[in-house]
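First residue of the sequence shown: 116, per this note's numbering; consecutive thereafter.
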Amino acid sequence: MAEVKGISIMVCGDLMSPDQKHIQKANQYLQILTGKASYKELHPSEWYDVRVYEYFMDTFAEASVTGEYALVILGKRIYPRLNKLGVLPKSLTTPLDFIQYEAQGFLDNHRGAGVVPRRFIKATAGEVIVHAPAPGYNSKLYEGIYLGILDVCGVKTGKVKITAKDTFHISW
Numbered sequence: 116m117a118e119v120k121g122i123s124i125m126v127c128g129d130l131m132s133p134d135q136k137h138i139q140k141a142n143q144y145l146q147i148l149t150g151k152a153s154y155k156e157l158h159p160s161e162w163y164d165v166r167v168y169e170y171f172m173d174t175f176a177e178a179s180v181t182g183e184y185a186l187v188i189l190g191k192r193i194y195p196r197l198n199k200l201g202v203l204p205k206s207l208t209t210p211l212d213f214i215q216y217e218a219q220g221f222l223d224n225h226r227g228a229g230v231v232p233r234r235f236i237k238a239t240a241g242e243v244i245v246h247a248p249a250p251g252y253n254s255k256l257y258e259g260i261y262l263g264i265l266d267v268c269g270v271k272t273g274k275v276k277i278t279a280k281d282t283f284h285i286s287w
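Structural data, given as structure tokens:
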């Protein structure tokens, strides 16, 4: 069973919280799996079944008029938020630095069956091709994460394409 740190579920819950109907639905599932009545009771650095994260993301997408694209929007908010909080290393200066950092961050925040390290097919200034399978949830989230990284770096014309299952072509 794959597990994810609570912070990931909490970010998704925060973004969904204005929609009481859907946050209640997600919290009911959370209670079944963890005994906790609300995502706000989770601890950011504790481990939780990845099915909770998947359910929160699916419910977030269900609640959005953009459907599955909501997962891209969710992903786009992660690195700008981390940057605003000042938790990213100052040594990260280029999109390539950030993308390589994300690969380690993924491993730091996921564990268990189905958690596969990123495999860089190409990693050069201006272009990255990375195989990034998601452990049990929709990998559209990663499209947004990579777009958010480009945004943090001030890149407004960057592109992220899914070229094959779980393989992303990132260019700037």
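For every residue, glycine included, the Cβ atom is placed at its ideal position computed from N, Cα and C.
If you're wondering where the values come from, they're calculated on a predicted model, not measured in any experiment.
Legend entry - Separation of Gln-139 from Ile-260, as counted between CA atoms: 26 Å
In the DSSP assignment, what residue or residues form a beta bridge with Val-243?
-> Ala-238, Ile-285
Contact belief for Asp-134 with Ala-176 at Cβ below 8 Å, rounded distance in angstroms: Contact flag wrong, Cβ pair sits at about 12 Å.
Requested in this report: Give every residue of the same chain whose Cβ lies closer than 6 Å to the Cβ of Gly-273, excluding the five residues on either side of it in the sequence, and list them in chain order.
Outcome: Leu-265, Trp-287
- Message: Beta-carbon within less than 8 Å of Thr-282's beta-carbon, same chain only, minus the 5 sequence neighbours each way: which residues are those?
- Response: Ile-236, Ile-244, Val-245, His-246, Ala-247
_Quick check: what's the CA-CA separation for Phe-213 versus Leu-207?_
6 Å
*asked:* Under 8 Å, with one C-beta from each stretch per pair, do the stretch 118-128 and the stretch 161-173 reach the 3-pair mark?
replied: yes
Length of the line joining the Cα atoms of Lys-151 and Ile-285 = 38 Å
| request: Could you check the C-alpha separation between Gly-220 and Met-131 for me, to the nearest Å? | output: Straight-line Cα distance between these residues: approximately 23 Å.
| query | So, using beta-carbon positions, are Gly-251 and Glu-118 closer together than 8 Å? | reply | no
What residue range does the beta strand (DSSP E) around Asp-223 cover? Where Asp-223 is concerned, there is no enclosing beta strand (DSSP E), although the alpha helix (DSSP H) it sits in stretches over 210-224.
- Could you give the distance in angstroms between the alpha-carbon of His-186 and the alpha-carbon of Asn-253? A small correction: the amino acid at residue 186 is Leu; His does not occupy that position in the sequence shown. Rounded to the nearest angstrom, the two C-alpha atoms are 8 Å apart.
_Exposed unless 16 or more other CB atoms sit within 10 angstroms - verdict on His-158_ = exposed
Is Asp-129 helix, strand or coil when you go by DSSP? helix
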